[in-house]
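First the structure, in the form of structure tokens, and then the observations on it.
2 protein chains.
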Amino acid sequence: MITAEQKFEEFLKIKELKYTSERKLIVKTILSFHKHFNVEEVFEKLRKQGNHISRATIYRAIPLLLKSGLISEALRCQDKISYENIFNKKHHDHLLCVKCGKIIEFYNEKIEKLQEEVCRQHNFVPIEHRLGIKGYCEDCYKKIKEEKK
Amino acid sequence: MITAEQKFEEFLKIKELKYTSERKLIVKTILSFHKHFNVEEVFEKLRKQGNHISRATIYRAIPLLLKSGLISEALRCQDKISYENIFNKKHHDHLLCVKCGKIIEFYNEKIEKLQEEVCRQHNFVPIEHRLGIKGYCEDCYKKIKEEKK
DNA sequence: GTTGTTATTGAGAACGCATCTCATTATATA
DNA sequence: TATATAATGAGATGCGTTCTCAATAACAAC
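So the protein sequences, as listed, match chains A and B. Quick note on the numbering used here: the first sequence kicks off at 2 and runs consecutively. Quick note on the numbering used here: the second sequence kicks off at 2 and runs consecutively.
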């Protein structure tokens, strides 16, 4: 079983790029996020661990991590791009609560199949898709109903 | 039959906001776009018509146009937020060709229904959703296959 | 291990989209 | 017509992201 680190190292080797100590730390940190994260959060987490890595270096690592398949762009929350660790994880889509920011992940086989069908109908060859539903989570919807009383 | 202008005027009235000459021009310009547009394009089109309206005014009109249901946020192309005129138009989703940038619109009733079902399962109250599939359109895929030969 | 080539790094400047400030002006209502 | 208040324009500001460039580190060849 190949690890995420190995996958990234392999990717860099093929591209004739270097597996630097900074990149090792960035990968390690990104893997430590179980949910979504953005660049600032990676920067902060590294800093708290005593590893000061420049924001520029993190920003420069992002496209490599995307291309290597370790992470994917998830959602744009408050104008920040948010990513998620997708190594060895099943694809899923998102419900995003516009009030509290909570993200609920879901996977629906039927929706996936129907998307493939739509692509076939348009002779379109899909690479990736993103389905995001914005709305109110259970708790926030209750609160809104209370406020209106 | 209510027009887009009337709908916007009504919306502003309810909110006790003013239907200024600038807002009239902005609505008119936005309706003249048949495809997607961004703030800069609205600004430029107005300028070319001899109407100099401040970018700030256009930016300030956007949330009102969104809330009134005249436009919706579409896709993010090259970091600019892109909008589309949705007045009296049926909701649809997008296939985006990553090579030529072509956008194919589609609507699939079954996918819509399944999304509603997913929301119910999570006690989630949807406001809006966005489904974007990135890939290669028919022409571009043919070109890629040719290049590989 | 040493050397040479080349990618990478850090710090801050620069960039660009979007938002805010504030004095001036326009709108709607009485 | 008067009055209250929202809206406007121009430019400053904010903020996430990218760029610059000199110094450094990684890797391959020897």
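Note that the Cβ used here is the ideal one computed from N, Cα and C, for glycine as well.
If you run the structure through DSSP and keep just helix, strand and coil, what is A/L13? helix
Can you list, in chain order, the residues of its chain with a C-beta nearer than 8 Å to that of B/K100? Leave out the 5 residues immediately preceding and following it. Y137, C138, C141, K144 and I145
Look at A/T30 and A/L47 and say whether their C-beta atoms are less than 8 Å apart. yes
List, in order along the chain, the chain B residues whose C-beta lies closer than 9 Å to that of A/G102? Going along chain B, no residue has its Cβ under 9 Å from A/G102, so there is no contact; the nearest lies around 14 Å.
Evaluate the contact criterion for the segment 3-13 of chain A versus the segment 25-43 of chain A: three or more CB pairs, one atom per stretch, below 8 Å. yes
For B/D94 versus B/G133, is the C-beta distance shorter than 8 Å? yes
Sort B/I112, B/S83, B/N39 and B/N89 by Cα distance to B/G70 and report the nearest one. B/N89
Go ahead and label B/N86 buried or exposed: buried means 16 or more other beta carbons lie within 10 angstroms of its beta carbon, across all protein chains shown. With at least 16 other beta carbons inside 10 angstroms of its own, B/N86 counts as buried.
Using the C-alpha atoms, what's the distance from A/Y108 back to A/H92? 7 Å
Going by DSSP, what residues sit across from B/C98 in a beta bridge? B/G136
Assign B/F44 to one of three DSSP states: helix, strand, or coil. In the three-state reduction of the DSSP assignment, B/F44 falls in the helix class.
Three-state secondary structure assigned by DSSP to B/S83: strand
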